[in-house]
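One structure below.
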Amino acid sequence: MIHLDQVSKMYRTDRIETTALDNINLAVEKGELVSIMGPSGCGKSTLLNLMGLLDEPSSGKVELDGITINGQGDRALARVRNERIGFIFQQFHLVSDLSVVDNVEIPLLYRKMSNRERRKAALAALDRVGLSSRTHHFPTQLSGGQQQRVAIARAIVGRPAILLADEPTGNLDSQMGDEIMDILEGLHSEGTTIVMVTHDPRLAERTNRTVRLFDGRQVQ
Amino acid sequence: MFKNYLKVALKVLARRKFFTFISLFGISITLLVLLVTAAVFDHALAPHSPETRSDRTLGIYQLTMRGPNNTQNSDPGYGFLDRYVRPLSKLPGVERFSIVSAPQTAVSYVGGKKIESQLRRADGEFWRILEAEFLEGSPFTSEDESGARFVAVINETTRDRFFEGRPAMGRTIEVDGQRFRVVGVVRDVPALRFSSSADMWVPISTTKSRHYKEEWLDQFHGLILARDRADLPAIKSEFQASLREAERHLPDPKRYQTLTASADTLFEAYVRRFTPGNTDVIYPGRVKALLFLLMLLFMLLPTLNLVNINLSRILDRASEIGVRKAFGASSRTLVGQFVVENLVLTLLGALAGLVLAAVVLSALNSSGFLPYARLALNYRVFFYGLIMALFFGILSGVYPAWRMSKLHPVQALRGRSV
């Protein structure tokens, strides 16, 4: 499903060149639940950003469903992200000016859908994460766990085949973290491919396999 | 999608109240000035009662006679207009032709009190070119003019001053030692309409002396009503041919050999009036371009201010931009969103500007600064305002929107603007 072939990512400033990822070869197949682990600054989020087409590799090839992503234009990448990928962030990244249901609708704004269809899909996604009663609240009126559930609803509302979660429980206590993991496992059991960056070995144990990074290199 | 944009736009405006106030203040004051200016221009130039056909009316307001050592420049005389311009009324594109004097101050005494009025002498056709709003009676006719009947049409203010607002029909007024029977009362004609405005109008033939019939230079104007706006160029050209014919019959050919005059639209007449020096050749197109440029320059400062404010908001909204990009918004879509948001801001500012302009115009009307002015926010001025607001909104929104849309999604999600 996602194939990274000899992928490297370098960040350059005027004087310094930093290697964030070095010659990564990784394949994530359909229906897998994969965790990425490693110490801070080892390149986990960079790897996830490359898989999510939010960033381009300095060298190497990224393939999604057999199609090479490198060099695709802004609009084409935006469409692939919209149709194929859902994101869950550690910081939730909800738009504070929008209500819960309006936040969840965001990915559908970039599809050809009627207002009614969009609202129906958003409410169904919120129901899926157990937040039907909070649809018209604003993010600041919710707990951290509830905010992350809204973020999951937003990630799944467009029924993407792949979910990329960057430390989805990083800002939550362990009980809320478990609740979020339960939801992710539920989505995985329904066929969604999930790649998750985590620091938490307990969560990594609940995944099919773990990719370990150290200093930008894949060590396992 | 638009509803979502609108929600975000209003929330963002509410969130940063001070910046919103500064932006709205700048936009509304700018549009206030532009709307008041547009209303004055509209009032002076657009077709309004009684000059509802001004868009297809030409006026001859000036005549210059030149010789090697002499130049005379004045309003045309009745003799010249009657002999060399009236024949143009036979042209297929001409509907009517009228001769009317420039307004002159006339004195009356009512109950021992001196009243000064602006008096015009006109023919019967004058009232058929205009569409005056009669509050009482009707206009005098060509028969009144040919019969030298002492009849008058007065305006509303004159009725108030002579008859304290009571009906004036059939009553007599004495002006400059002549007595006229009032046959009609019209609504006040704004002073800016310089081919028709006056306090009273009487037939030309009631002029005390008959010398006016021979004059080439005097204080009359010729008005030509075309059947269609498309006929105006042909009429202008025929008018120039008439001038060349008139040159062969100049009253004092030893002193004067050439004639210069123009059949002008209202705008051209204003340009000629306000052009310093030699007005034989005027450039209305350049004046329009200059006015447009001045409008742009006037809008430049608040536009730059708004651009700055918008750019400073990039950091605030970086996370949102990152999220939208991650979930499928292309740069183009985001430009659209931010331009819409900016348009919401400018349209709100325009609305405030519109309300302020209505207050200022009402104050101007009642101040008497422009006699008989009825400055108003009609649909044309509203349309200008809307166009200006949209232009302003797009101009100040596109660059910041483009900058916002170019944010790298990863950097944006980290809350960085660069």
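Chains as they are written, first to last, in the numbering used here: chain L, 1 to 220; chain X, 221 to 638.
Think of the CB as a built atom: it goes at the ideal place given N, C-alpha and C, for glycine as much as any other residue.
Computed from a predicted model, the values in this text were never measured in an experiment.
From the DSSP output, in three-state form, read off residue i for me.
i	result
A342 of chain X	strand
P423 of chain X	strand
Q439 of chain X	coil
R236 of chain X	coil
S637 of chain X	In this prediction, S637 of chain X scores a pLDDT of 43, lower than 50, which makes its location untrustworthy; no coordinate-derived value is stated.
L230 of chain X	helix
P296 of chain X	strand
S596 of chain X	The question names Ser, but residue 596 of chain X in the sequence shown is Ala. Three-state result, A596 of chain X: coil.
T291 of chain X	strand
I374 of chain X	strand
L123 of chain L	helix
Could you tell me which of the options sits nearest to residue i, measuring between CA atoms?
i	options	result
Q398 of chain X	X:Y298, X:A368, X:L244	X:A368
I424 of chain X	X:A489, X:G344, X:Y476, X:V402	X:G344
I183 of chain L	L:N49, L:G145, L:L98, L:R12	L:G145
V330 of chain X	X:W347, X:Q282, X:E384	X:E384
T277 of chain X	X:Y432, X:D448, X:E376, X:Y304	X:D448
I206 of chain X	X:A411, X:V373, X:A621	With chain X covering only 221 through 638, there is no way to say anything about residue 206 of chain X.
A621 of chain X	X:V327, X:L513, X:L554	X:L554
D262 of chain X	X:Q631, X:L610, X:L597, X:M608	X:L597
L94 of chain L	L:R84, L:I85, L:N82, L:P107	L:P107
S68 of chain L	L:V157, L:M51, L:D22	Note on identity: in this sequence residue 68 of chain L is Thr, with Ser being the wrong assignment. Considering only alpha carbons, the answer is L:M51.
L33 of chain L	L:M1, L:L54, L:G60, L:D55	L:M1
I335 of chain X	X:A577, X:A509, X:G299, X:D380	X:D380
Q72 of chain L	L:E179, L:D55, L:F87	L:D55
K626 of chain X	X:M608, X:G548, X:I541, X:L590	X:I541
E351 of chain X	X:F487, X:F400, X:S269, X:A572	X:S269
N290 of chain X	X:D364, X:D472, X:P307	X:D472
H628 of chain X	X:K428, X:S550, X:A326	X:S550
P504 of chain X	X:V491, X:L513, X:F603	X:V491
S366 of chain X	X:T427, X:V402, X:Y225	X:T427
Contact check, residue i vs residue j under 8 angstroms by CB: the rounded distance?
i	j	result
P296 of chain X	F440 of chain X	6 angstroms
T192 of chain L	A151 of chain L	15 angstroms between Cβ atoms; not a contact.
S337 of chain X	D438 of chain X	20 angstroms between Cβ atoms; not a contact.
V62 of chain L	N70 of chain L	6 angstroms
R212 of chain L	G38 of chain L	6 angstroms
F459 of chain X	V305 of chain X	7 angstroms
S35 of chain L	L203 of chain L	7 angstroms
I349 of chain X	R273 of chain X	7 angstroms
R217 of chain L	D22 of chain L	5 angstroms
G548 of chain X	N115 of chain L	Rounded, the Cβ-Cβ distance is 18 angstroms, inconsistent with contact.
G86 of chain L	I156 of chain L	6 angstroms
Name, please, each residue of chain L whose Cβ falls closer than 9 angstroms to the Cβ of residue i.
i	result
R235 of chain X	S96, D97
V228 of chain X	V95, D97, L98, D102
Which bits of chain X does residue i rub up against, with CB to CB less than 7 angstroms?
i	result
D5 of chain L	Near D5 of chain L there are no residues of chain X at all, since even the closest Cβ is about 21 angstroms away, more than 7 angstroms.
N49 of chain L	V630
Tell me which same chain residues have a C-beta within less than 6 angstroms of the C-beta of residue i, skipping the five on either side of it?
i	result
A229 of chain X	E561, V564
V100 of chain L	R134, T135, H137, V150
S294 of chain X	L437
H3 of chain L	A27, E63
At a CB-CB cut-off below 7 angstroms, which residues of chain L make contact with residue i?
i	result
P629 of chain X	L54
A549 of chain X	A78, Y110
A621 of chain X	What A621 of chain X touches in chain L: nothing, since even the nearest Cβ is about 15 angstroms away.
L633 of chain X	F89, H93
Note down, in chain order, every chain X residue with its Cβ under 9 angstroms from the Cβ of residue i.
i	result
I152 of chain L	By Cβ distance, chain X contributes nothing, its closest Cβ being about 13 angstroms from I152 of chain L, past 9 angstroms.
P39 of chain L	Per Cβ cutoff of 9 angstroms: no residues; P39 of chain L is ~19 angstroms from chain X at best.
Please return the same chain residues whose Cβ sits closer than 7 angstroms to the Cβ of residue i, not counting the five positions on each side in sequence.
i	result
T523 of chain X	F612, L615, S616
Y619 of chain X	V527
I153 of chain L	Residue identity differs from the one stated: residue 153 of chain L is Ala in this sequence, not Ile. Cβ within range, chain order: V104, A125, L126, R128, V129, L131.
S328 of chain X	I335, S337, I393, E394, V395
Anything in chain X within Cβ reach of residue i, meaning under 8 angstroms, just list it in chain order.
i	result
E105 of chain L	N224
Which residues in the same chain have their Cβ closer than 8 angstroms to the Cβ of residue i, if we skip the five residues on either side of it in sequence?
i	result
S243 of chain X	N525, L526, I529, L565, G569
N375 of chain X	V405, V406, R407, D408, V409, A418, D419, M420, Y592
Can you list the residues of chain L that residue i reaches, using a CB-CB cut of under 8 angstroms?
i	result
K231 of chain X	D97, L98
E561 of chain X	The premise fails here: E561 of chain X is roughly 11 angstroms from chain L at the closest Cβ pair, so nothing lies under 8 angstroms.
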